[in-house]
Amino acid sequence: MRRILLAFSFIFITLFITGCNTSHTTNVVNTVSDLHINQTSLLESEDLLIIAHRGASAYAPEHTLVSYKLAKELGADYIEIDLQMTKDGHLVAMHDDTVDRTTNSEGKVSNFTLAELKKLDAGSWFNEELPEYANPDFENLKVPTLREIFEEFGHDVNYYIETKNPDQYTNMESALLSLLDEFGLLDETVEPGKVLIQSFSEKSLRTIHEMEPSLSLVQLQTQKEAKKATKKTFKKISEYAVAVGPNYKAIDEDYVKKATDAGLHVHPFTVDDPQEIEQLENWGVAGVFTNYTDIYEKLAKVRF
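Per the numbering used here, the sequence shown starts with residue 17, numbered consecutively.
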């Protein structure tokens with residue numbers, strides 16, 4: 017709970033001195049996040065890791081550079097990037113394997129070339145769906161490539177990357193590793209845990225593990241898989257992964273104990289209720305995915 021106290025204390029002091037100057041508040045939150053970055057491995061943090069689910073997706077259109085930038089400003093420990101692949105082999109940030117939900121078009125991502133995908137509006141849907149957070153600047157935002165994300169943030173953020181539907185795409189894993197290598201994110205000097213790769217596909221994770229054993233991998237689990245998980249399940253996962261990512265609604269304290277006893281970290285998704293996050297932290301989870309990157313500030317308000 018040290019992080020909660022630190023966050024609340026810094027925010028209270030900053031508001032008192034600056035008269036609620038928001039730019040200063042952002043700097044304070046970043047300082048809190050820096051406590052993690054300076055450690056030997058982010059995964060070994062004593063504090064709960066905050067993973068920005070699709071960026072700061074409660075406040076900005078998911079999987080856009082705007083959403084990722086806001087997540088960074090709000091002090092996220094990781095930005096989560098879901099990967100799909102275009103017809104001409106470019107890795108792009110999008111959760112669904114179709115463009116229907118988050119753009120002004122329809123169809124499979126794999127049926128679009130990058131040039132065609134770049135013509136789509138990936139932001140206006142957010143203004144229509146969440147008018148309380150609507151912003152004219154969100155209109156006509158573009159779907160970013162993984163390359164563009166790396167060019168924007170470099171080594172300044174920590175990445176939590178998911179191979180989505182890898183069986184649909186040829187060489188998704190090798191394309192991902194090639195980009196990580198190009199941007200120096202596989203260098204020996206990079207701190208452990210700076211890049212995490214997650215997937216529901218054990219096959220995809222094992223492929224990556226064989227190609228680049230130094231990468232930290234996370235096995236995602238559906239509600240059904242999490243509920244059925246046993247000690248044997250976690251032992252098998254620990255052969256290639258360092259963590260599990262279950263649906264938080266499917267787990268309990270016993271699940272967390274079995275996973276941690278097998279040497280695995282537990283990073284449940286997707287938790288937006290501060291009190292539920294507090295309970296998960298008490299059970300011993302190491303991090304949570306949330307749409308509200310400022311969730312600790314919300315929790316501090318509840319507690320204090």
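The beta-carbon is built from N, C-alpha and C at its ideal position, and this holds for glycine as well.
Remember, it's a predicted structure, so these values are computed and weren't measured experimentally.
Burial state of residue i (16 or more Cβ within 10 Å)
{"i": "Met-101", "result": "buried"}
{"i": "Ala-131", "result": "exposed"}
{"i": "Asp-268", "result": "exposed"}
{"i": "Met-227", "result": "exposed"}
{"i": "Thr-238", "result": "exposed"}
{"i": "Gly-303", "result": "buried"}
{"i": "Ser-57", "result": "exposed"}
{"i": "Asn-181", "result": "buried"}
{"i": "Glu-167", "result": "exposed"}
Pair within 8 Å by beta-carbon distance, residue i and residue j
{"i": "Gly-261", "j": "Gln-291", "result": "no"}
{"i": "Ile-97", "j": "Leu-193", "result": "no"}
{"i": "Ala-278", "j": "Phe-305", "result": "no"}
{"i": "Lys-243", "j": "Ala-257", "result": "no"}
{"i": "Ser-230", "j": "Tyr-185", "result": "no"}
{"i": "Tyr-84", "j": "Ile-95", "result": "yes"}
{"i": "Asp-137", "j": "Asn-151", "result": "no"}
{"i": "Ile-165", "j": "Glu-189", "result": "no"}
{"i": "Thr-11", "j": "Asp-104", "result": "Look at the range of the chain in this structure, 17 to 320, and you will see that residue 11 is not part of it."}
{"i": "Tyr-264", "j": "Val-287", "result": "yes"}
{"i": "Thr-309", "j": "Ala-72", "result": "yes"}
6 Å CB neighbourhood of residue i in its chain, flanking five on each side removed
{"i": "Val-211", "result": "Tyr-175 and Leu-201"}
{"i": "Thr-47", "result": "For Thr-47, the predicted structure reports a pLDDT of 31, less than 50, and the residue's modelled location is therefore unreliable. The matter cannot be settled from this model."}
{"i": "Lys-88", "result": "Val-173"}
{"i": "Tyr-149", "result": "Tyr-75"}
{"i": "Ala-368", "result": "Because the chain in this structure spans residues 17 to 320, residue 368 falls outside the shown range and cannot be described."}
{"i": "Trp-299", "result": "Glu-269 and Val-272"}
According to DSSP, residues forming a beta bridge with residue i
{"i": "Pro-262", "result": "Gln-237"}
{"i": "Lys-124", "result": "Thr-114"}
{"i": "Ala-150", "result": "Per DSSP, none; premise fails for Ala-150."}
{"i": "Tyr-256", "result": "DSSP lists no partner for Tyr-256."}
{"i": "Val-285", "result": "One detail in the question is off: residue 285 reads as Phe in this sequence, not Val. DSSP, once it has assigned bridges, lists Asn-263 as partnering Phe-285."}
{"i": "Ser-232", "result": "Leu-212"}
{"i": "Ala-68", "result": "Ile-95 and Thr-306"}
Endpoints, alpha helix (DSSP H) assigned at residue i
{"i": "Ala-76", "result": "Segment: none, Ala-76 is in no alpha helix (DSSP H) and carries neither H nor E."}
{"i": "Ala-191", "result": "188-198"}
{"i": "Met-101", "result": "From DSSP, Met-101 is part of no alpha helix (DSSP H) but of the beta strand (DSSP E) over 94-101."}
{"i": "Thr-276", "result": "269-277"}
{"i": "Thr-249", "result": "247-253"}
{"i": "Ser-220", "result": "218-227"}
{"i": "Glu-292", "result": "290-299"}
{"i": "Ala-109", "result": "Premise fails: Ala-109 lies in the beta strand (DSSP E), 107-109, not in any alpha helix (DSSP H)."}
Limits of the unbroken beta strand (DSSP E) element including residue i
{"i": "Phe-305", "result": "303-306"}
{"i": "Ser-215", "result": "211-215"}
Beta-carbon proximity list for residue i, same chain, < 8 Å, skipping 5 on both sides
{"i": "Gly-170", "result": "Phe-199"}
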